[in-house]
Every structure is written in structure tokens, then in C-alpha cells.
Amino acid sequence: MRLALFVCILALSCAYAQEATPEYSMVDIYVPPSEFTEFLQLGLAIDECDILPGSWYRVAVNARELQELKKSHFSYRMVIEDVEKYYASRYTQEDIKAAETYRATLDTQMKLGSMGGFYTWEEVLKNMDDLYQSYGGRNLITQKVSIGKSFEGRDIYAIKISDNASTDESDREPQVLYTALTHAREPAGMMTLFYFMYYLLENYDKDTRVQSIVDNRELYFVPVVNPDGYYYNQKSSPTGGGMRRKNCNGSGIDLNRNFGPQELWDYPNGGSSTSSWSETYRGTAPFSEPETAALSNFVRTKKFRTAINYHTYSNLLLYPWGYKDAVAHPTFPIMAKDMVKISGYRYGTPPGLLYAVRGDSDSWFFQEAKVFAVTIETGSGSDGFWPKSTRIFPLAEENKESNMIIAEYADKVK
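Here the sequence shown is numbered in this note's numbering, starting from 25 and rising by one per residue.
See the structure below:
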């Protein structure tokens, strides 16, 4: 009887310990400049972090990464023990009401979603369908189409906005691509894209600049590159705040480290991890994941000239090269300077602003597909991965100009 009771207590204790251990924490790590290269070997996702005064880096780490950090010689301090719980605690009915009041000033039919203000996976699909129902009759937008399947079999959808949207006019109208949610815990970019889609369609008859862009460009949107990871976050944290970054192939692959070509994916730097538990795990080969393969195949069927890939956070605009400290083309900094006039984001290459990465989408877009692609890391450190609902529309607004300019540059880049 005592043995049975002991086993029962032990089982309950283990279950409680597992439940009590946060999956993700936020830590400040002290990294002397002379040890930065060694620090990169930890494989942490510092492409999304705050760089603090005194060589401190504020980084989100998963439980295994925290254990590896403890084993290392780097000093760190705990900032938020349970990040998912912290994000969930920020979503209040008062904020939703305030966000809705602000939305009413914008003259848009776009509504907030039910996941802390963000769209659920089902709401993403419904909004794509609603836009087609409202504007498809004028041939300004197509129905959503699948460009491929995710690891778990979900469709990855694209939708097109243009005059004569159902007709391929790529022989005379430059094509532009906008993507979001490559990393599943970064929905602010997805909401920014939807706001821009609504803005273009709602203002087509009111704004000559909008009309010029829609009439002279073919604009494609892929609002959710990583549907499995996003759906996982939706189920694990239904009010928002889920911290899964990678896809759902086993422990997951960082899709923004899974792009080719081989020499960039395997470049000799610390810009991705070969450890499957790492948040920057690059996978077994370039395009090993159906999500990156679907996107690359889609790009190869089009004639995209420019592109924005949305991520969060850090208030940055990044352009290639990602894997080495060099600018891929002199047009990039010129274009970037124009794009950030409203947002005020810092711009440059990943090595120049953060650290070198390998297997990133922008480098592949430019080298293999000749697309002038940039990444926007929208939101500040206080916004984090899941900004408060009151920040959803302001973030979308501050990036509207960047979205317009990347479209206007599509016939200027060579």
C-alpha cells in the first residue's frame, strides 16, 4: 500500500514538474564582443532579439536551449520565466475594445481576429474568401489558390490583387510577392498583409497612387507560409501567445534556414543549427521541407521582381546577403532608405545589424530567382512576438508605405 502510494505521489510530482516547466523563457545574456562567434554556436534565434547596452542580448529560448545555456560559461539573467503565459496575460477585453475603437477611425472593413486580436487559421481563410466575395466581381482579386501542402497536409494559399486579376499580364506588369508567418509565432506580419490588401481594395477608387499600383502590378500574397506551426500555436494558446517558431516536422525545422542553394545553406558560419532541438535547426538539406519547397516552386513559376517577407520583431529592414557581410546589389540600400521613411526602421544586411545567417529566404530569392527580396522585422522589443491587440493596426499602418514602395520599385530594379 505504501509502495503504491509512493508511486502515485511520484507520478503526480513528475507530472506537476513537467507542467510547471515553461516551454519558453526570455533571458538576457551577456556576450563580450570577443566571444560573439562562440555565442553563435549556441544556435539561439537572435535574429529576433533586443540588443541591450553593455553587450547584453535579450533572447527567447526554449527549455532545451536554456539547459544548454546553463552549461555554457555565458552569464545570463531571467527576464520572463514563462513567455507564453506572459503574452497571454497581455490580452484583455479592455485592450480589444480600445483596438476596435482605433480600428473604427481607419475607414476599413478589416476586423480584429479572435486570437488576442489576431486571426486564427480559419479566420485567415475566411478573410481571403471575404475579400474575393467583395471585390472578385470587379476582377481586382482572385480566389485563394493552393501553392502546395504543409508537412501535415494543410494548403499554403496565395491570392492575387491586380486590375484584370484573373488574367496573366506578367508580360507587361511586374509581379510583387508578400509573405508572412514563415515563423509561426509572428502573426503581426500576417495582419499587416491583410491590412494592406484591404487598403488597396478599399481605396482603389479613392486614391490615384493605389489605383496606379493595382493597375500596373500583379501583387501576390502568401499570408501563412507555415500553417502547421501557426495552427499548433492556435491550439496550444487559443488567446494568442504560442511560441512555436518552426514547422511541425518532428521537433520542427526553421523554415528561414531551409532555403538553398546548397552553398548558402551550408555556408561555414554559425547562422543556423544542426541540432534538431534548436530554434534555428536548418533541416537535413535545402528545401527538405514541403513549405519551403512549395514557396520556391511557386516563385519559379512567376516573374517576381521584388518581395517582402514579414517577420517579427526588432524594427528592422534586412536585405541580402544574409550569409556574409556584403550587400548583394547597390539598389538594396537605396530602396530600403525609401521604404523606411515612415516606419523609421533601421536597415542593412543581417551580418551588419545582427549576425550572419545561412539558408535564409532573401539570399535565395536574389541569387537563384533574381528577386529583390527584403525581410521586415516589424515591432519593437516591447511588442515582442505577439503584440498587444492595440498595436495590431498601428504596426500595419507604419508598414503600409514600405508595402507601397516595394511595389513601385518592381519596374526599377535590374
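From the three backbone atoms N, C-alpha and C, an ideal C-beta is built for every residue, glycine too.
Assigned exposure category for residue i - 16 Cβ within 10 Å defines buried
{"i": "Met358", "result": "Looking at the sequence shown, residue 358 is not Met but Ile. Exposed: under 16 other Cβ atoms inside 10 Å."}
{"i": "Arg241", "result": "buried"}
{"i": "His97", "result": "exposed"}
{"i": "Asn257", "result": "buried"}
{"i": "Pro292", "result": "exposed"}
{"i": "Ala434", "result": "buried"}
{"i": "Leu66", "result": "buried"}
Start and end residues, beta strand (DSSP E) containing residue i
{"i": "Glu242", "result": "242-246"}
{"i": "Phe328", "result": "328-335"}
{"i": "Leu342", "result": "340-342"}
{"i": "Ile75", "result": "73-76"}
{"i": "Val55", "result": "Neither: Val55 is in no beta strand (DSSP E) and is coded neither H nor E."}
{"i": "Val437", "result": "Note, Val437: premise wrong, no beta strand (DSSP E); not H, not E."}
The alpha helix (DSSP H) enclosing residue i, as first and last residue numbers
{"i": "Ala352", "result": "Premise fails: Ala352 is in no alpha helix (DSSP H) and is neither H nor E."}
{"i": "Thr252", "result": "Note on residue identity: the sequence assigns Asp, not Thr, to residue 252. First-last of the alpha helix (DSSP H) with Asp252: 251-260."}
{"i": "Asn427", "result": "424-432"}
DSSP-derived helix/strand/coil call for residue i
{"i": "Tyr223", "result": "helix"}
{"i": "Cys38", "result": "In this predicted model, Cys38 has a pLDDT of only 37, less than 50, meaning its place in the structure is not dependable; the value taken from the coordinates is given anyway. Here Cys38 sits in helix by DSSP."}
{"i": "Gln286", "result": "helix"}
{"i": "Phe311", "result": "coil"}
{"i": "Leu27", "result": "Caution applies to Leu27, whose pLDDT of 41 falls short of 50 and renders its modelled position unreliable; the value that the coordinates give is listed next. Residue state, collapsed to three classes: helix."}
{"i": "Ser138", "result": "coil"}
{"i": "Ala84", "result": "strand"}
{"i": "Tyr143", "result": "coil"}
{"i": "Met50", "result": "strand"}
{"i": "Ser413", "result": "helix"}
{"i": "Tyr291", "result": "coil"}
Cβ neighbours of residue i in the same chain (closer than 8 Å, five flanking residues each side left out)
{"i": "Val187", "result": "With the sequence shown as reference, residue 187 is identified as Asp, and Val is not the correct amino acid for it. So the list reads Asn163, Leu164, Val238, Asp239, once near-sequence residues are dropped."}
{"i": "Ser194", "result": "Glu242, Lys326, Lys327"}
{"i": "Arg233", "result": "Met428"}
Below-7 Å beta-carbon distance, residue i vs any chain B residue
{"i": "Arg324", "result": "Checking the listed chains, one finds no chain B in this structure; it contains a single protein chain."}
Cβ neighbours of residue i in the same chain (closer than 6 Å, five flanking residues each side left out)
{"i": "Gln167", "result": "Tyr156"}
{"i": "Gln199", "result": "Glu242, Lys326, Lys327, Phe328"}
{"i": "Tyr369", "result": "Asn339, Leu340, Leu341"}
Neighbourhood of residue i by C-beta distance below 7 Å, restricted to the same chain and skipping five residues each side
{"i": "Val103", "result": "Met50, Val51, Asp52, Arg82"}
{"i": "Ile75", "result": "Tyr81"}
{"i": "Pro247", "result": "Val148, Ala204, Leu205, Met214, Leu217, Phe218"}
If we require 4 or more residues per run, which alpha helix (DSSP H) segments fall completely within the segment 173-242? 211-226, 232-240
Going residue by residue through the segment 353-405, where are the continuous alpha helix (DSSP H) segments of at least 4 residues, counting only ones entirely within it? 355-363, 374-377, 385-393
Alpha helix (DSSP H) segments (min. 4 residues) lying fully within the segment 83-123: 87-95, 107-113
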